Amino acid sequence: MTNALTIGGKIYMNTGDIAATYMDSCYAVIINQAVSEKFGYRYDDFYEIVNSGDWTMEYFSQLVRDSYSDDGDGVRNDKDLYGLVCSYLAADAFWSSCDISIIENNGTDHPTLNFNTARIQRAAESVHSLFYGNIGAEVGQNGSTIFTSAEDLSAAFMQDRAMFTIVVLKDLKDFSAMKTVYGVLPVPKLDHDQDEYRTNVQQSMSLWGIPKDAKDPTMSAAVLTSLGSDSRDIVIEPHYYKLLRTRYVKDSTSGYMIDLIYNGIYMNFDTLFNEALGESVSASDRPSMPAFIFRCMGRDTTPNMEGWWSTYSEGLQKRLLDICSALM
3 MTNALTIGGK
13 IYMNTGDIAA
23 TYMDSCYAVI
33 INQAVSEKFG
43 YRYDDFYEIV
53 NSGDWTMEYF
63 SQLVRDSYSD
73 DGDGVRNDKD
83 LYGLVCSYLA
93 ADAFWSSCDI
103 SIIENNGTDH
113 PTLNFNTARI
123 QRAAESVHSL
133 FYGNIGAEVG
143 QNGSTIFTSA
153 EDLSAAFMQD
163 RAMFTIVVLK
173 DLKDFSAMKT
183 VYGVLPVPKL
193 DHDQDEYRTN
203 VQQSMSLWGI
213 PKDAKDPTMS
223 AAVLTSLGSD
233 SRDIVIEPHY
243 YKLLRTRYVK
253 DSTSGYMIDL
263 IYNGIYMNFD
273 TLFNEALGES
283 VSASDRPSMP
293 AFIFRCMGRD
303 TTPNMEGWWS
313 TYSEGLQKRL
323 LDICSALM
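What follows is the structure, encoded as structure tokens:
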């Protein structure tokens, strides 16, 4: 994270324990025990799969594909059992979980564009196949006629009509009233070659900085440091251990999985400056924002990352220079 926020050897903003949103905005996969057992899976086996390193996009996609059951009327609808229901916005989670970045930043020099076409194309195809080419998945909104709102999606999972959903950790409070046991898992990694499970905290996360015109930036930095330290003791520890790891989950292994997710937080320049890298802040220009590439894929389109790069790379280069100039 420090490298991602360092430009030319200087840190211009930071986050972490000072912000509860740093933890709340971590993406996770939530598993419904009752539905998993209906499909013949041992609930605890999923924890072992994560620990073995086999929790990959390919494995997850196949699980979802094998976990669809029609309610008997022959029509795909909200009464069927699904392997996965989630918002199309959850596609953002895979930018970090698949270890994707298009900007190289070592913290010493200026960030530079570095587009790994093959890896990004493979990740895009994996996400698109999971979301829109998988009989066991029903992705809400974005053209869905079955789950048209976030409330529909939550209800499907809470009423035992889906085995998996993908949400941020702050959403666990909505599930805590469920009678059914649910567990927490990290978002799958792209493949076995990827060493770690990574977690995106791009949405709704607070960043802290010191204004250029601060009269005493050294004192401001000291205050920020103190706030971060106190927040760890007063806010984060109670929130993390009393809520996320105990009250909001119903088994001890999920608490361990939350540790794994939290320790896998991965922020890069792409996600932190996502909106600034886009052509504008309007919804129509979101395809130009790197961390929104996957959410902007259409249901009936084939991902073409080389085409995306050809369309947006020149503008990205200009806006990247603008960001560096504004900060420095």
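For the sequence shown, this note's numbering assigns the number 3 to the initial residue and increments by one for each residue that follows.
Here a beta-carbon is modelled for each residue, glycine too, at the ideal position from N, C-alpha and C.
Please read all numbers here as calculations on a predicted model, not as lab measurements.
By the neighbour-count definition (other C-beta atoms within 10 Å, threshold 16), LEU318 is a buried residue. ASP46 sits exposed, since fewer than 16 C-beta atoms from the chains shown fall within 10 Å of its C-beta. Collapsing the DSSP output to three states places TYR29 in a strand. ASP232 has its alpha-carbon roughly 14 Å from the corresponding atom of ALA223.
A buried status is given to ASN16, since no fewer than 16 other beta-carbon atoms sit within 10 Å of its beta-carbon. Less than 9 Å divides the Cβ of PHE117 from the Cβ of TRP311. By the criterion of a C-beta distance shorter than 7 Å, ASP253 is surrounded in its chain by VAL183, GLY185, once the five residues flanking it on both sides are discounted. Considering only GLY11, GLY211, ILE32, ALA22, the residue with the shortest C-alpha distance to THR255 is ILE32. In this structure, CYS28 lies near VAL203, with their beta-carbon atoms less than 9 Å apart.
Residue pairing by DSSP places LYS252 opposite no residue, since no beta bridge is assigned to it.
Cβ-Cβ distances below 7 Å link ILE104 to LEU115, ASN116, PHE117, ASP272, PRO292 in the same chain, with the five nearest sequence neighbours on each side left out; the list follows chain order. Annotation note: the region 154-204 contains the following uninterrupted alpha helix (DSSP H) runs of length 4 or greater, listed N- to C-terminal: 174-177.
Pairwise C-beta distances place the region 261-281 in contact with the region 93-102, as three or more of them are shorter than 8 Å.
In the three-state reduction of the DSSP assignment, ALA139 falls in the strand class, which pools E and B. The C-alpha of LYS214 is placed about 45 Å away from the C-alpha of HIS194. VAL66 and GLN196 have their C-alpha atoms roughly 21 Å apart.
Per DSSP, TYR314 lies in no beta strand (DSSP E) segment; the continuous alpha helix (DSSP H) that holds it begins and ends at 307-329. Minimum Cα-Cα distance from SER38 among the listed residues ARG247, MET165, LEU132 corresponds to MET165. The beta-bridge partner set that DSSP reports for TRP210 consists of ASN16. Under the three-pair Cβ rule at 8 Å, the region 128-138 does not count as touching the region 6-13. The Cβ atoms of GLY257 and THR201 do not sit closer than 9 Å to each other. Residue burial annotation: LYS81 is exposed, with fewer than 16 other C-beta atoms found within 10 angstroms of its C-beta.
At the C-beta level, PHE294 and GLY280 come within 9 Å of one another. Where LEU279 is concerned, the enclosing alpha helix (DSSP H) starts and stops at 276-279.
Looking at the DSSP output, ILE267 sits in a beta bridge with THR201.
Proximity of the region 239-250 to the region 52-67 falls short of the contact definition, fewer than three beta-carbon pairs being nearer than 8 Å.
Between GLU127 and PRO305, the beta carbon gap of about 5 Å places them in contact (Cβ cut-off 8 Å). Between CYS88 and ILE168 the beta-carbon gap is near 4 Å, inside 8 Å, which marks them as a contact.
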